[in-house]
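Mapping of the sequence shown onto my numbering: residues 773 to 1013, in sequence order.
This report concerns only the one structure given below.
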Amino acid sequence: MDVGALDAENPNHLIIWLDQHIGQPEWCQHLKRAFSTQTDPKTSVAVNLSDCDLGIIRHVESAFPINFDGVCYSMAVFTDIDSCLHCFEHNKHRRIIFITSETLGKVVVPIILERFKDMFIDPVTKEPYMFIYIFCHNIANQVEWALDYRDYVQMFDFDADLLARVLRDIGNYYFTEGRRLLGESPPNNVAAYHRLHWARILYQRHSQMEQVSMSHEFDEISHLLENIEEELRSSSNDDDD
């Protein structure tokens, strides 16, 4: 991970969502706000898929930026393939989480994995990231074409299952990056601290949605964060001497 090219204090993932219906501004606004806020570890108010409190929804309305205008944002939504590919082209430095419908996915996934395959490969292990998500009505009908891309693609037919998986996958990404930053010489403690903190938040949201325990992950993250805090305190004391 080239932390030098990133803001160590801000997440570098980006959700790109391609769907002829969901991509329209007036469609599925609550769904999109839930995904954009739940997957943002820095937001103070995350909208649940089941939220009916309009006050909460209005409060986070500004946290749902869908326009592609060159600014930093956490989710971009499109209805057409060309605009989607343009977004990929201009965000090669970010960790892309790509969600698409079965209709557009069948067309665009081969294009993306031909033009932007490196964006879905772990730079250290060279293993593929399964960060392409097909949100469809009938998974069985998509298996034939998706089989060729099984190392990169996951399929879901329920919004809550999709969101829970995305939360866990992004959490795993930041957990891994945090540990790698600690393994550098010298350790990048500040960047690692933020990524481990984000991983914990995303794991907490996943755990709450799925009603599953992630005690092992929470224990390891807490241990690493405590070690970093001690290192930072020691470094600060040394600077004062």
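Ideal Cβ placement from N, Cα and C applies to all residues, glycine included.
Asked	Found
What runs of the alpha helix (DSSP H), each 4 residues or longer, lie entirely inside the segment 905-977?	915-918 and 931-954
Under the assumption that Ile-788 contacts Ala-848 (Cβ atoms under 8 Å), give the Cβ distance between them as a whole number of angstroms.	5 Å
Would you kindly work out how many angstroms separate the C-alpha atoms of Ile-868 and Val-984, rounded to a whole number?	26 Å
Could you tell me the distance, in whole angstroms, from the CA atom of Phe-840 to the CA atom of Ser-855?	For Phe-840, the predicted model reports a pLDDT of 38, less than 50, meaning its position is unreliable and no value from the coordinates is stated.
Since I believe Pro-895 is in contact with Asp-923 (beta carbons under 8 Å), could you give me their beta-carbon distance rounded to a whole number of angstroms?	Incorrect: roughly 16 Å between the Cβ atoms, too far for contact.
What whole-angstrom Cβ distance do Gln-810 and Leu-935 have, given they're in contact under 8 Å?	6 Å
By a C-beta neighbour count over all protein chains shown, 10 Å radius and 16 as the cutoff for buried, is Gly-955 buried or exposed?	exposed
Can you give me the start and stop residues for the alpha helix (DSSP H) that Arg-867 sits inside?	Per DSSP, Arg-867 belongs to no alpha helix (DSSP H); it is in the beta strand (DSSP E), 867-873.
Could you please give me the residues that DSSP links to Ile-786 through a beta bridge?	Looking at the sequence provided, one finds Leu at residue 786 rather than Ile. DSSP lists Ile-868 as partners of Leu-786.
Which class does Ile-993 belong to by DSSP, given the choice of helix, strand or coil?	helix
Beta-carbon within less than 8 Å of Leu-857's beta-carbon, same chain only, minus the 5 sequence neighbours each way: which residues are those?	Val-880, Ile-883, Ile-884 and Arg-887
Spatial neighbours of Leu-790 within its chain, please: C-beta separation below 6 Å, excluding the five flanking residues on both sides.	Phe-850, Cys-856, Thr-872 and Leu-876
I'd like the list of long-range same chain contacts for Leu-803, defined as Cβ closer than 8 Å, with 5 residues on each side in sequence excluded.	Ile-794, Leu-821 and Asp-931
Count the other C-beta atoms from every protein chain shown that fall within 10 angstroms of the C-beta of Gln-792, then say buried if there are 16 or more, exposed otherwise.	exposed
With DSSP as the reference, identify every bridge partner of Met-847, one or two as the case may be.	Ile-787
Any idea if Val-915 is buried or exposed, counting beta-carbon neighbours within 10 angstroms, 16 or more meaning buried?	exposed
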